[in-house]
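Worksheet: one structure, shown below.
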Amino acid sequence: MALGRGPAASVKSGRKPAPGGGPWLVGLGSALLTLLIIAIGVGALSVILYKSPGPKARSGPSTTVIFRKGAHTSEIAADLERAGVVYSGAIFMAAAEITRGAGHLKAGEYAFASRASVADVIRKIRIGDVVHHRITIPEGATSKEALMILMHSDVLSGPAPLPPEGTILPETYEVVRGEPRAAVLQRMMEADDRLLTQLWTHRRPGLPYSNVEQAVVLASIVEKETALESERPLVAGVYLNRLRQGMKLEADPTIVYGLTAGAPLGHGIRESELHSNTPYNTYVNPGLPPGPIDNPGRAALAAALDPTPTDALFFVADGTGGHAFSKSLAEHAKNVEAWRMIEKERSAAPSLAGAPNAIAPLEHR
Numbered sequence: 007m008a009l010g011r012g013p014a015a016s017v018k019s020g021r022k023p024a025p026g027g028g029p030w031l032v033g034l035g036s037a038l039l040t041l042l043i044i045a046i047g048v049g050a051l052s053v054i055l056y057k058s059p060g061p062k063a064r065s066g067p068s069t070t071v072i073f074r075k076g077a078h079t080s081e082i083a084a085d086l087e088r089a090g091v092v093y094s095g096a097i098f099m100a101a102a103e104i105t106r107g108a109g110h111l112k113a114g115e116y117a118f119a120s121r122a123s124v125a126d127v128i129r130k131i132r133i134g135d136v137v138h139h140r141i142t143i144p145e146g147a148t149s150k151e152a153l154m155i156l157m158h159s160d161v162l163s164g165p166a167p168l169p170p171e172g173t174i175l176p177e178t179y180e181v182v183r184g185e186p187r188a189a190v191l192q193r194m195m196e197a198d199d200r201l202l203t204q205l206w207t208h209r210r211p212g213l214p215y216s217n218v219e220q221a222v223v224l225a226s227i228v229e230k231e232t233a234l235e236s237e238r239p240l241v242a243g244v245y246l247n248r249l250r251q252g253m254k255l256e257a258d259p260t261i262v263y264g265l266t267a268g269a270p271l272g273h274g275i276r277e278s279e280l281h282s283n284t285p286y287n288t289y290v291n292p293g294l295p296p297g298p299i300d301n302p303g304r305a306a307l308a309a310a311l312d313p314t315p316t317d318a319l320f321f322v323a324d325g326t327g328g329h330a331f332s333k334s335l336a337e338h339a340k341n342v343e344a345w346r347m348i349e350k351e352r353s354a355a356p357s358l359a360g361a362p363n364a365i366a367p368l369e370h371r
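Quick note: the sequence shown uses this note's numbering, first residue 7, plus one each step.
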């Protein structure tokens with residue numbers, strides 16, 4: 007009998023279904039793809055926000071923010087968001103971490119341009135591009151006046167000593183908020199030392215100075231005698247001629263300094279003050295005074311060390327802002343008379359009636 011095969015026979019196997027075809031795996035792959043797309047989108051958005059323009063300044067072309075010393079990134083981010091410099095402090099923090107700038111943000115006062123990007127803000131704080139302020143010491147200011155300027159600045163910090171007269175260079179200096187006043191003063195004194203070293207090295211031969219300090223004393227007198235920079239070398243030349251000939255300098259500003267330590271006298275020099283017994287009065291004492299009477303500027307210092315060669319021994323105001331120079335006492339007397347006539351005409355003019363008198367040059371030079 008032939009062996010027959012059943013028509014619908016099925017064979018069971020112990021083999022498991024091949025992986026990769028289950029619905030749950032397909033769902034997992036879709037989720038991962040979605041997360042990847044989201045991550046890419048967030049990254050792209052972050053790049054856009056990092057480089058895109060930030061908020062418009064609430065007033066003016068920039069916004070000033072001050073970060074205290076020791077402030078962490080979170081505090082800086084909060085300050086920026088509060089001031090309206092960035093839209094989000096969180097985005098700023100993330101950008102600072104990603105760009106490795108978080109540990110290099112510097113304290114200080116910053117001015118952020120309107121619509122500055124997060125990238126620009128981070129770069130500015132990383133390099134310490136802080137706001138610079140200016141402190142100006144006028145030429146001819148006394149050390150007391152210079153110290154008052156420093157002390158009245160609300161940008162600087164801490165105390166500063168009163169420097170010796172004639173040891174700082176009157177100029178405009180850049181300072182940053184919180185900089186110690188003593189450090190700024192030290193910079194001014196160092197600038198003066200550098201300039202004097204240069205001028206002394208290249209001084210005109212044959213000057214009657216024993217040391218550079220004497221040149222500063224004469225420069226301080228020149229500074230007060232004329233406001234014309236072009237005239238200072240000639241004024242220095244006159245005083246040096248007087249020193250060489252043993253004549254008294256008879257410089258009016260030395261009278262004032264001896265009486266008030268450089269403060270305004272408030273009136274013309276009186277006859278009694280002309281003979282005041284102070285060590286600075288060059289109408290009474292021969293030679294240079296014992297020290298400078300102010301802090302002379304560059305032009306006056308240069309004039310004292312490179313004076314104009316001249317035979318003149320006298321000078322007096324000429325009514326134009328400058329002076330008339332003369333070699334002889336007789337010629338000087340004529341110039342003095344001409345100045346007195348100008349003074350008389352001015353005092354009689356209606357526009358000047360009742361105006362306070364300036365300190366007039368004396369004819370005793």
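We put the beta carbon where it would ideally sit given N, CA and C, even for glycine.
Quick caveat, the model's predicted, so the values are computed rather than measured.
Task: Nearest residue (CA-CA) to Ile128, options Gly60, Pro313, Asn247 - done: Taking only the C-alpha atoms, the option nearest Ile128 is Gly60.
Open item on the list: Classify Met99: buried if its beta carbon has 16 or more other beta carbons within 10 angstroms, exposed otherwise.
Closed with: Buried: at least 16 other Cβ atoms inside 10 Å.
Open item on the list: For Glu171, count the other beta carbons within 10 Å of its own beta carbon; 16 or more makes it buried, fewer makes it exposed. Which is it?
Closed with: Around the CB of Glu171, 16 or more other CB atoms lie within 10 Å, so the residue is classed as buried.
Open item on the list: What would DSSP say about Thr69, mapped onto helix, strand or coil?
Closed with: Thr69 sits in a strand when the DSSP states are folded into three classes.
Open item on the list: Assuming contact is defined by CB atoms lying nearer than 8 angstroms, are Leu162 and Pro186 in contact in what I supplied?
Closed with: For the pair Leu162 and Pro186, the CB atoms are nearer than the 8 angstroms cut-off.
Task: Environment of His338 [buried if 16+ CB atoms lie within 10 Å] - done: By the 10 Å Cβ count, His338 comes out buried.
- [ ] Within its chain, find whatever has a CB closer than 8 angstroms to the CB of Ser68; leave out the 5 residues flanking it on each side and keep chain order.
- [x] Once the five neighbours on either side are set aside, the close Cβ partners of Ser68 are Ala117, Phe118, Ala119, Ser120.
Open item on the list: Comparing C-alpha positions only, which one of Lys350, Gly328, Ala310 sits nearest to Leu213?
Closed with: Cα-wise, what sits closest to Leu213 is Ala310.
Task: Rounded straight-line distance, which links the Cα of Ile261 to that of Glu279 - done: Straight-line measurement puts the Cα of Ile261 at about 7 angstroms from the Cα of Glu279.
Open item on the list: Helix, strand or coil, according to DSSP, for Tyr93 in the structure here?
Closed with: Looking at Tyr93 - three-state DSSP - the assignment turns out to be coil, as it is neither helix nor strand.
Open item on the list: On the criterion of 16 or more Cβ atoms from any shown chain inside 10 Å, does Asn217 qualify as buried, or is it exposed?
Closed with: Flag for Asn217 reads exposed.
TODO: Using the Cα positions of Asn341 and Asp324, report the straight-line distance between them to the nearest angstrom.
DONE: In this model, Asn341 and Asp324 are separated by some 8 angstroms (Cα to Cα).
Open item on the list: Can you look up Gly243 in the DSSP assignment and give me helix, strand or coil?
Closed with: Under the three-state reduction of DSSP output, Gly243 falls in the helix class.
- [ ] Express the C-alpha separation of Pro270 and Leu168 in angstroms, rounding to a whole number.
- [x] C-alpha separation (whole angstroms): 19 angstroms.
- [ ] Count the other CB atoms, across all protein chains shown, that sit within 10 Å of the CB of Ile133; report buried if there are 16 or more and exposed otherwise.
- [x] Classification of Ile133: exposed, given that the 10 Å Cβ count is below 16.
Task: Euclidean distance between Cα positions of Arg200 and Ile104 - done: Between the alpha carbons of Arg200 and Ile104 lies a distance of about 46 angstroms.
- [ ] Return the CA-CA distance between Tyr263 and Glu196, expressed in angstroms with no decimal places.
- [x] One C-alpha to the other measures close to 25 angstroms.
TODO: With a 10 Å radius around its C-beta and 16 neighbouring C-beta atoms as the bar for buried, classify Asn287 as buried or exposed.
DONE: Buried: at least 16 other Cβ atoms inside 10 Å.
Task: Range of the contiguous alpha helix (DSSP H) that encloses Arg129 - done: 124–133 is the extent of the alpha helix (DSSP H) around Arg129.
- [ ] Taking the CB atoms as reference points, tell me whether Thr173 and Asp198 lie closer together than 8 angstroms.
- [x] By the CB criterion at 8 angstroms, Thr173 and Asp198 fall inside the cutoff.
Open item on the list: Measuring only the C-alpha atoms, how far is Pro292 from Ser282?
Closed with: Those two C-alpha atoms are separated by around 14 angstroms.
- [ ] Would you please state the rounded distance, in angstroms, between the beta carbons of Phe321 and Val228? I believe it to be under 8 angstroms.
- [x] Taking a contact as a CB-CB distance under 8 angstroms, the pair Phe321 and Val228 does not count as one, their CB atoms being some 11 angstroms apart.
Task: Residue of Lys333, Ser149, Val182, Gly90 minimising C-alpha distance to Ser159 - done: Minimum Cα-Cα distance from Ser159 among the listed residues Lys333, Ser149, Val182, Gly90 corresponds to Val182.
TODO: Would you list the one or two residues that DSSP bridges to Phe320?
DONE: Beta-bridge pairing links Phe320 to Ser332.
Open item on the list: With distance defined between alpha-carbon atoms, name the residue in Ala83, Ser226, Met194, Thr314 nearest to Glu237.
Closed with: It is Thr314 whose Cα lies nearest to the Cα of Glu237.
TODO: Have a look at the DSSP bridge pairing and note the partners of Val181.
DONE: In the DSSP assignment, the residues bridged to Val181 are His139.
Task: Any alpha helix (DSSP H) of 4 or more consecutive residues that is wholly inside the region 224–312 - done: Runs of the alpha helix (DSSP H) spanning 4 or more residues and lying entirely within the region 224–312 occur at 238–251, 258–266, 277–280, 304–311, in chain order.
Open item on the list: Could you check whether Arg248 and Asp312 sit closer than 8 angstroms to each other, using their CB atoms as the reference points?
Closed with: Not a contact, by the Cβ cut-off of 8 angstroms.
TODO: Under 8 angstroms Cβ to Cβ from Thr316, same chain only, skipping five residues before and after it: list those, please.
DONE: Hits under 8 angstroms: Leu240, Gly243, Val244, Asn247, Phe331.
- [ ] Give the DSSP-derived three-state secondary structure of Tyr116 in the structure shown.
- [x] Of the three classes helix, strand and coil, the one that applies to Tyr116 here is strand, per DSSP.
Open item on the list: Counting C-beta neighbours from all protein chains within 10 Å, is the total for Leu205 16 or more, i.e. buried, or is it exposed?
Closed with: The residue in question, Leu205, is buried, as its Cβ has 16 or more Cβ neighbours within 10 Å.
Task: Per-residue burial, His329 [other beta carbons within 10 Å of its own, 16 or more giving buried] - done: Buried: at least 16 other Cβ atoms inside 10 Å.
Task: Residue interval of the alpha helix (DSSP H) (run including Ala152) - done: In this chain, the alpha helix (DSSP H) harbouring Ala152 covers 149–158.
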